[in-house]
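For the sequence shown, counting from 1, position 129 maps to 128 in numbering that gives the first Met the number 0; every step adds exactly one.
Just so you know, even glycine gets a beta-carbon here, dropped at the ideal spot from N, CA and C.
A short write-up of the structure that comes next.
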Amino acid sequence: MNIYIYDSYVGHKKYQSKIAKIETRITDLGLNGKIIRLGVMSSIYNSIEGEVQKGAKNIIIVGNNNLFAQAINSVAKLKSLHTTVGDIPLGLIPIGKKYNSIAEYLGIDYEENACDIIAARRIKELDLGMINKYYFLTQATIPTKETIIEIDKNYSINITEPGEIIIVNLPMGIELPNEIKANAQDGTLELFIKTKKLNKLLLNKNKENKSVFSFKELQITNPKYPVIIDNSLKINTPVIIKIAKEKINLIVGKGRNF
């Protein structure tokens, strides 16, 4: 059975016509299933766990990055706890272009057009990163300011220049050096650090420095800033980041960026 999990915000009246078109398209394509409308205090983990136990075949999120990231965490956690969960595909019908960068990267069109991608059921098995007890699909980010990184319990990096630290699984929205071919099917994560250093001779110009490191385990501490995963969830430090044992099956479009 197809399980459609609606984010709470899609119940707003401004989305009513879009939801109606989606539900009509789902019916036309023969993709009918059960609809779960989450409230503000609802647990997506409990919802997915209950439907998996009842024999769900596909889990489709109707919403944006935030709920999709929560669904990825829920499915991966269930796989870590129950070997009988299997490889249930996770799909996305993005509502609104704001906060739906993951859908774009996966090649998923918006709203009712996404239903055709769900119907095609093009599935890719992808790696996940793990940060403490959470999972992420694309990347984890944190400012360089006051951040200390320990790589493989071997050496530490303390960066003084302003910039950003990115732990990459899927390189969504970032340009890595040409020699680095990061993807979510190679079983590794990359540590990408980019900083800006003021040119004292040209006061209005900043020079951007980029560094990439391979690692097995990363520890990050910062007294002020959290790590943000998948452009949505905030995780306070200290954190340990590594590739997860669990993988995720996602329904993707032909226009995906990987």
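Item checked: Exposure label - Asn168; buried when at least 16 CB within 10 Å -> buried
Checklist line | Rounded straight-line distance, which links the Cα of Lys12 to that of Asp185 | finding: 43 angstroms
Check: According to the Cβ coordinates, are Tyr8 and Ile35 closer than 8 angstroms?
Finding: no
Check: Do you know offhand how far Ala243's Cα is from Asp126's?
Finding: 7 angstroms
Next item on the list: Tell me whether the beta-carbon of Thr140 lies closer than 8 angstroms to the beta-carbon of Gly162.
Entry: no
Checklist line | Residue nearest to Gly32 in terms of C-alpha spacing, selected from Gly38, Ile43, Gly54 and Gln15 | finding: Gly54
Check: For Ile173, which of Ile101, Lys78, Ile71 and Met0 has the nearest alpha-carbon?
Finding: Ile101
Check: Where do the N-terminal and C-terminal ends of the beta strand (DSSP E) with Phe135 fall, by residue?
Finding: Tyr133 to Phe135
Check: Is the stretch 105-124 touching the stretch 243-253 in the sense that three or more CB pairs, one from each, lie closer than 8 angstroms?
Finding: yes
Notebook entry, point to check: In this structure, what does DSSP give as the bridge partners for Asn248?
Noted result: Glu124
Checklist line | Pairwise C-alpha distance: Ile92 and Val61 | finding: 5 angstroms
Note to self: If I measure Cβ to Cβ from Glu111 and keep anything under 6 angstroms in the same chain, skipping five residues before and after, which residues do I get?
What the structure shows: Lys20, Ile21 and Arg24
Check: Once you ignore the five residues that flank Lys78 on each side, which residues in its own chain have a CB closer than 7 angstroms to its CB?
Finding: Val84 and Glu245
Item checked: Straight-line Cα distance separating Asp115 from Ile59 -> 13 angstroms
Checklist line | Cβ-based burial, Ala119 [other Cβ within 10 Å; buried from 16] | finding: exposed
Notebook entry, point to check: With DSSP run on the structure shown, which of helix, strand or coil describes Lys253?
Noted result: coil
Next item on the list: Give a yes or no on whether the C-beta atoms belonging to Pro222 and Asn235 are separated by under 8 angstroms.
Entry: no
Notebook entry, point to check: When the Cα atoms are used, what is the spatial distance from Ile71 to Tyr3?
Noted result: 14 angstroms
Check: Can you tell me where the beta strand (DSSP E) with Ser155 in it begins and where it stops?
Finding: Tyr154 to Asn157
Next item on the list: Answer yes or no: do Asp148 and Leu232 have a C-beta to C-beta separation smaller than 8 angstroms?
Entry: Note that residue 148 corresponds to Ile in the displayed sequence, not to Asp. Contact: no.
Item checked: Local Cβ density within 10 Å of Pro88, reported as buried at 16 or more and exposed below that -> buried
Notebook entry, point to check: DSSP puts Tyr109 in a beta bridge; with which residues?
Noted result: Bridge partners of Tyr109: none, in fact.
Next item on the list: Count the other CB atoms, across all protein chains shown, that sit within 10 Å of the CB of Gly29; report buried if there are 16 or more and exposed otherwise.
Entry: exposed
Checklist line | Beta-carbon contacts of Tyr14 that lie in its chain and below 8 angstroms, excluding the five residues immediately before and after | finding: Tyr8, Ile94 and Gly95
Check: Roughly how many angstroms separate the alpha carbons of Gly128 and Ala75, rounded to a whole number?
Finding: 11 angstroms
Checklist line | Nearest to Phe214 (by Cα), restricted to the options Ile166, Lys195 and Lys180 | finding: Ile166
Item checked: Integer Cβ distance of Ile164 from Ile240, believed to fall under 8 angstroms -> The pair is not a contact, with the Cβ atoms about 10 angstroms apart (cut-off 8 angstroms).
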